[in-house]
Every structure is written in C-alpha cells, then in structure tokens.
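Taking it in order: structure first as structure tokens, then the write-up.
Right, here's the structure in full:
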C-alpha cells in the first residue's frame with residue numbers, strides 16, 4: 001500500500017529485523033558475543049584442553065623459541081660482537097659478516113656425513129649442525145694492509161632441536177618419518193646429546209629491576225619491583241589502599257606509610273616529594289591523603305622518620321640503603 005507517496009511492504013520491517021538478528025548471530029546462528037566471551041569455569045576450560053593440544057601442542061613454545069634463535073637471535077649476537085681488532089696493531093682486524101646454521105651432520109675420518117636423530121641415538125653421538133660465518137680480515141703491514149674474505153668458515157657446532165626448522169624431520173609426513181626411524185606422534189622439542197634425549201626446562205620468572213603494575217587480592221593497585229644484585233635479591237611493593245600509598249617490604253613486619261619512607265631517605269619537604277613525582281597539580285591531590293597519614297604519625301623530619309621505622313625494624317637505615325631498592329646504589 002502507498003502512504004504519502006512511499007511504498008511500504010508489510011513484510012519489510014520484519015525482514016529488516018531478521019537481517020539485523022542474523023548479523024548479530026552470524027552465518028552459523030551463534031551469538032558472536034557468547035563465542036568471544038572469556039571462559040570462567042574450570043570445567044569448561046578443561047573441555048578446551050584437547051583442542052588446545054591439537055592446535056598448539058605441548059612443545060610448540062620450545063620449537064618457536066629455538067626457531068627464533070637460529071633465524072634472528074644468533075645473527076643479532078654475531079652482529080653485536082662482529083669486530084675483533086688487534087690491540088697493538090689496530091690495522092689488523094677480523095669481522096664476522098654473516099652467520100648461518102648448516103645441516104645436521106657428523107665428522108667421520110675427515111668426511112662429513114648427513115645424520116638423523118635415530119642414527120645419533122644408536123651411535124651415542126650428538127645431533128648437531130655446524131655454524132658457518134662469512135669472515136672479512138686484514139693482513140700485511142700498517143702501510144700496506146690487504147683485505148681478504150672467506151665464505152662459510154665453520155666456527156663451531158650447535159645441537160639441533162628435533163622438529164625445528166633446522167632438523168631433517170621438519171615438514172616430513174608420517175611415511176617419511178617412519179623411514180627415518182621416528183615415531184609420527186613424537187612432538188620433538190628436545191635434543192639428542194651423546195645418544196641421550198635431553199630437554200630444556202622452561203621457567204617463568206618476573207622481570208628483574210622492572211616495575212610491574214598489578215592489582216592485589218583486595219583489588220588495590222600495586223607497583224612491585226624485584227631488585228636483584230650479585231649479593232641480594234628483594235621484592236618491594238608500593239600499594240595504594242584507601243587512596244593512601246604504603247610500602248610493603250619483608251624486612252618490615254607491617255606496611256609503612258610511603259611518605260615516612262621518603263622523609264627517612266632525606267626528602268623532608270612534602271613539596272620536594274610532590275615535584276619528584278610530577279609537576280602536574282593533579283599529583284598533589286593524589287599524594288594529599290598520604291601526606292596526611294604521615295602527619296598522623298607525627299613524622300616531619302628525617303630523624304623522626306628513622307626513629308619511627310626503627311621501632312619496627314632495628315636496622316631501618318641499612319634496610320632503606322641496601323634492601324629497599326637493591327639495584328639502585
């Protein structure tokens with residue numbers, strides 16, 4: 001029917017609504033928001049484990065790390081240490097131009113033969129490959145130096161991770177793996193050293209001497225840093241609780257107002273502390289509750305701050321000097 005010169009189909013509105021719903025649900029009919037929502041239940045996460053193993057596997061992080069090393073990291077290492085110059089004769093030098101990893105092989109009576117992991121297992125040998133570099137060097141006197149180049153000079157050997165990009169098993173199908181004496185279900189990610197299978201254990205640690213911002217169990221914002229030196233290792237945490245900043249340190253039996261610590265370290269003026277944090281006026285308002293907490297403790301000078309800390313820890317001065325931020329002299 002026609003209304004005010006516009007044609008309206010009775011089915012037009014329902015069809016538009018259906019199209020909008022189909023876009024939300026997607027072609028498969030599932031709500032995309034549900035599919036992308038985080039999995040919270042441990043039971044649901046456990047059901048995802050088999051699919052995760054099919055896609056990622058248990059050793060993919062080992063293989064990715066080794067592949068990145070042989071393709072990128074080893075070149076960066078050589079590039080950073082590429083020049084060796086004679087101290088007494090500066091005109092004589094040696095420079096590494098390029099580095100690459102060869103094929104896994106063994107040396108038998110001055111003859112190099114390609115090798116497979118199974119061969120190394122049976123013969124108690126190391127599954128390794130040569131490291132080749134291109135070298136540029138000079139010879140001759142100071143007045144007449146002569147430049148020479150050599151391509152593909154072997155400078156060492158490196159164990160090869162099974163199933164990595166340098167391994168002879170890389171990209172092989174099941175039939176080819178069976179011919180090489182390998183199990184198709186073996187994921188790799190390990191080395192063969194003198195006939196014995198060896199694996200590198202990966203350990204996860206927080207970055208040292210770097211500030212990490214996080215929330216604690218109570219939902220408070222906390223900044224932590226693991227300070228490490230040759231003699232000592234300690235963790236310092238600055239936490240904001242009830243809009244006030246506190247220091248948490250193992251040497252102190254309880255948390256300490258941060259402004260007390262700042263005064264104990266020699267910054268007696270509240271204005272000086274605020275300017276060290278930042279000159280924006282908003283920082284003054286953020287630090288105001290912490291300054292008030294310090295006033296409640298009746299701490300105004302460095303001497304009073306050290307006395308306050310000494311009541312909790314008898315060697316407060318040495319703690320602030322050597323433990324608070326151990327990596328900062």
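Residue numbers (UniProt numbering): 1 to 329. Idealized CB from N, CA, C, for every residue including glycine. Quick caveat: nothing in here was measured; it's all calculated off a predicted structure.
Notebook entry, point to check: Looking at the structure shown, is residue 178 part of a helix, part of a strand, or coil, going by DSSP?
Noted result: Indexing the chain shown from 1 puts residue 178 at position 178. In the structure shown, residue 178 sits in a helix (DSSP, three-state: H, G or I).
Checklist line | Closest Cα partner of residue 223 within the set 231, 235, 70 and 60 | finding: Along the chain shown, one-based indexing puts residue 223 at 223. The shortest Cα separation from residue 223 among 231, 235, 70 and 60 belongs to 235.
Next item on the list: Taking residue 324 as the reference, give the member of 278, 49 and 262 with the closest Cα.
Entry: As a working mapping, residue 324 is identified with position 324 in the chain shown. The closest CA to that of residue 324, considering only 278, 49 and 262, is found on 262.
Margin query: To the nearest angstrom, how far is the alpha carbon of residue 68 from that of residue 200?
Written below: In the chain shown, counting from the first residue as 1, residue 68 sits at position 68. In the chain shown, counting from the first residue as 1, residue 200 sits at position 200. Looking at the two C-alpha atoms, the distance is approximately 16 Å.
Notebook entry, point to check: Of the choices 120, 134, 293 and 226, whose alpha-carbon is the least far from that of residue 210?
Noted result: What you label residue 210 is simply residue 210 of the chain shown in a count that begins at 1. Ranking 120, 134, 293 and 226 by Cα distance to residue 210 puts 226 first.
Item checked: Coarse secondary structure for residue 70, derived from DSSP in three states -> Taking the chain shown and counting its residues from 1, the one referred to as residue 70 is at position 70. Helix.
Margin query: Can you give me the C-alpha to C-alpha distance between residue 73 and residue 160, rounded to a whole angstrom?
Written below: Position 73 of the chain shown, counted from the start, is the residue given in the question as residue 73. Position 160 of the chain shown, counted from the start, is the residue given in the question as residue 160. Near 15 Å, if we compare the C-alpha coordinates of residue 160 and residue 73.
Margin query: For the alpha helix (DSSP H) containing residue 322, name the first residue and the last one.
Written below: Here residue 322 refers to the residue found at position 322 when the chain shown is read from its first residue. Segment 316-322, the alpha helix (DSSP H) holding residue 322.
Margin query: Tell me the DSSP secondary structure of residue 313 in three-state form.
Written below: Position 313 of the chain shown, counting from 1, holds the residue named residue 313. DSSP places residue 313 in coil when its eight states are reduced to three.
Checklist line | Cβ pair residue 145, residue 102 closer than 7 Å | finding: Sequence index remark: in the chain shown, residue 145 carries index 145 (1-based). Sequence index remark: in the chain shown, residue 102 carries index 102 (1-based). Not closer than 7 Å, so no.
Checklist line | Any beta strand (DSSP E) of 3 or more consecutive residues that is wholly inside the UniProt domain "RNA polymerase beta subunit protrusion" (57-206) | finding: 83-85, 93-101, 105-108, 111-114, 128-140, 145-159, 191-193 and 196-198
Margin query: If you measure between the beta carbons of residue 157 and residue 128, is that distance less than 7 Å?
Written below: Taking the chain shown and counting its residues from 1, the one referred to as residue 157 is at position 157. Taking the chain shown and counting its residues from 1, the one referred to as residue 128 is at position 128. Between residue 157 and residue 128, the gap from beta carbon to beta carbon is short of 7 Å.
Margin query: Measuring only the C-alpha atoms, how far is residue 266 from residue 205?
Written below: Numbered from 1 along the chain shown, position 266 holds the residue referred to as residue 266. Numbered from 1 along the chain shown, position 205 holds the residue referred to as residue 205. A straight-line Cα-Cα distance of about 33 Å links residue 266 and residue 205.
Next item on the list: Can you have a look at residue 188 and say buried or exposed, based on whether 16 or more other CB atoms are within 10 angstroms of its CB?
Entry: What you label residue 188 is simply residue 188 of the chain shown in a count that begins at 1. By the neighbour-count rule (16 or more Cβ atoms within 10 Å), residue 188 is buried.
Notebook entry, point to check: Residue range of the alpha helix (DSSP H) that residue 229 falls in?
Noted result: Along the chain shown, one-based indexing puts residue 229 at 229. Unbroken run through residue 229: none, as it is neither H nor E.
Checklist line | Reduced DSSP category for residue 291 - H, G, I as helix; E, B as strand; rest coil | finding: Translated into positions along the chain shown, residue 291 becomes position 291. Residue state, collapsed to three classes: helix.
Next item on the list: With a threshold of 16 other CB atoms inside 10 Å of the CB of residue 259, please say whether the residue is buried or exposed.
Entry: Here residue 259 refers to the residue found at position 259 of the chain shown. Label assigned to residue 259: buried.
Note to self: Let me make sure I understand the geometry here. Which of 230, 232, 193 and 240 has the alpha-carbon closest to that of residue 213?
What the structure shows: In the chain shown, the residue the question calls residue 213 occupies position 213. Among 230, 232, 193 and 240, the Cα nearest to that of residue 213 is on 240.
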